[in-house]
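Numbering (this note's numbering), first residue to last: 3 to 351. Note that CB positions come from ideal geometry on N, CA and C, so glycine has one too. Working notes, structure below.
Written as structure tokens, this is what we have:
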């Protein structure tokens with residue numbers, strides 16, 4: 003009986019935390035937009051927003067929403083290559099949960115751990131689940147880093163227009179590239195985590211280290227299985243990884259296209275789609291290090307700094323507000339509704 007009460011309390015607390023984070027997301031996001039509007043010209047911002055066609059919001063929203071289905075297909079393909087078939091509904095739930103939890107946790111950090119947890123709940127081994135989620139994250143970092151290195155001249159041209167914000171961008175790129183290198187090292191050599199953990203056990207001041215040594219032994223075995231899973235995916239199933247990498251690139255492009263739709267739709271300026279794609283990748287190297295739910299506030303503020311070098315000030319706040327409304331706030335509502343529908347549908351079955 004007490005266990006049931008504990009579970010109920012935990013469920014209630016988690017729901018409370020979700021509600022609190024969503025409220026924080028809305029308050030911080032709108033507060034930052036008000037500040038940006040104040041510095042640009044509040045009257046101009048209101049005037050521009052009044053003339054925004056609702057189709058701009060819908061197009062941006064729909065473009066972004068298609069990525070849920072692409073990511074779900076990616077998950078089905080990778081899991082089926084390990085003879086672990088999951089139905090599309092579970093894949094969609096996993097994808098939507100990832101986006102939703104990312105949107106309401108600091109620095110978008112909760113999405114991937116929750117994705118791994120959900121995969122283990124539907125019968126995927128923890129090592130394979132970790133491999134799939136980590137692989138996707140590393141593919142994303144390699145893709146973005148590769149685009150920046152390949153089109154370095156374009157990146158430099160973009161940085162020249164940004165002004166003071168370019169130093170933040172450069173710092174973000176350096177940090178992200180370093181993080182990418184570290185993650186690839188851990189991914190290639192998972193036992194590095196065991197060695198680090200073992201080192202801390204040795205220097206730990208407690209005399210009785212039996213429990214910690216037992217955990218270290220379990221970690222070593224788990225990392226060995228993870229290494230085998232990584233080898234199986236990246237070496238034996240290299241074609242699957244290559245296809246997943248391409249689809250991941252398509253997802254990133256569609257995210258940038260949703261931003262382009264808001265940018266071009268509000269300013270009326272025909273920007274180069276590829277130029278906006280490069281700009282989007284550069285900015286995303288920095289914005290998600292802000293420790294607020296979904297990095298709210300940091301995204302708006304940083305995009306405001308960067309965009310001021312490319313568009314008229316009166317358009318800066320409206321572009322950010324409409325883009326974030328379409329691809330973040332509306333998406334949270336959409337994710338909740340679809341997840342609720344999937345959950346109720348499962349109960350009926």
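Exercise. By Cβ distance below 8 Å, which residues in the same chain neighbour residue 194 in space, the five residues on each side in sequence not counted?
Worked result: 187 and 188
Exercise. How is residue 207 classed by DSSP in three states: helix, strand or coil?
Worked result: Residue 207: coil per DSSP, three-state reduction.
For this session: Determine the burial state of residue 325: buried for a count of at least 16 other Cβ atoms within 10 Å of its Cβ, exposed for fewer.
Result: buried
Exercise. Cβ of residue 126 within 7 Å of Cβ of residue 287?
Worked result: no
Exercise. Is residue 345 helix, strand or coil by DSSP?
Worked result: helix
Exercise. Would DSSP call residue 108 helix, strand or coil?
Worked result: strand
Problem set entry | Beta-carbon proximity check, residue 260 vs residue 318, cutoff 7 Å | Cβ distance not < 7 Å, so residue 260 and residue 318 don't count as in contact.
Problem set entry | Three-pair Cβ contact test at 8 Å for the stretch 150 to 161 versus the stretch 119 to 135 | Pairwise C-beta distances place the stretch 150 to 161 out of contact with the stretch 119 to 135, as fewer than three of them are shorter than 8 Å.
Problem set entry | Secondary structure of residue 196, DSSP reduced to three states | helix
Problem set entry | Residue of 120, 276 and 214 minimising C-alpha distance to residue 77 | Nearest C-alpha to residue 77: 120.
Exercise. Under 7 Å, do residue 332 and residue 63 count as touching if we go by C-beta distance?
Worked result: yes
Exercise. What runs of the alpha helix (DSSP H), each 4 residues or longer, lie entirely inside the stretch 39 to 97?
Worked result: With a minimum length of 4 residues, the continuous alpha helix (DSSP H) runs that stay inside the stretch 39 to 97 are 44 to 52 and 56 to 82.
Problem set entry | Identity of the residue in 170, 320 and 347 nearest residue 56 by Cα | Of the candidates 170, 320 and 347, the one whose C-alpha sits nearest the C-alpha of residue 56 is 320.
For this session: Could you round the C-beta distance between residue 280 and residue 160 to whole angstroms and report it? I think they count as a contact, below 8 Å.
Result: Taking 8 Å as the upper bound for CB-CB distance, residue 280 and residue 160 are in contact here, some 6 Å apart.
Exercise. Considering only residues of the same chain and omitting the five flanking positions on each side of residue 234, which have a CB-CB separation below 7 Å?
Worked result: none
Exercise. Residue 105 and residue 334 look like a contact to me (Cβ under 8 Å); what is the Cβ gap, rounded to whole Å?
Worked result: 5 Å
Exercise. Which runs of the alpha helix (DSSP H) spanning at least 4 residues fall entirely within the stretch 198 to 286, listed in chain order?
Worked result: 212 to 233, 240 to 269 and 275 to 286
Exercise. Looking at C-alpha atoms only, which residue of 198, 302 and 162 is the closest neighbour of residue 311?
Worked result: 162
For this session: Give the secondary structure of residue 312 by DSSP, where H, G and I count as helix, E and B as strand, and everything else as coil.
Result: In the three-state scheme derived from DSSP, where H, G and I count as helix and E and B as strand, residue 312 is classed as coil.
Problem set entry | Pair within 7 Å by beta-carbon distance, residue 223 and residue 129 | no
Exercise. Roughly how many angstroms lie between the CA atoms of residue 58 and residue 257, to the nearest whole one?
Worked result: Residue 58 and residue 257 have their C-alpha atoms some 15 Å from each other.
Exercise. Out of curiosity, what's the CA-to-CA distance linking residue 219 and residue 80?
Worked result: Taking the straight line joining both Cα atoms gives about 29 Å.
Exercise. Skipping 5 residues on each side, what residues in its chain have a beta carbon closer than 8 Å to that of residue 225?
Worked result: 192, 193, 195 and 196
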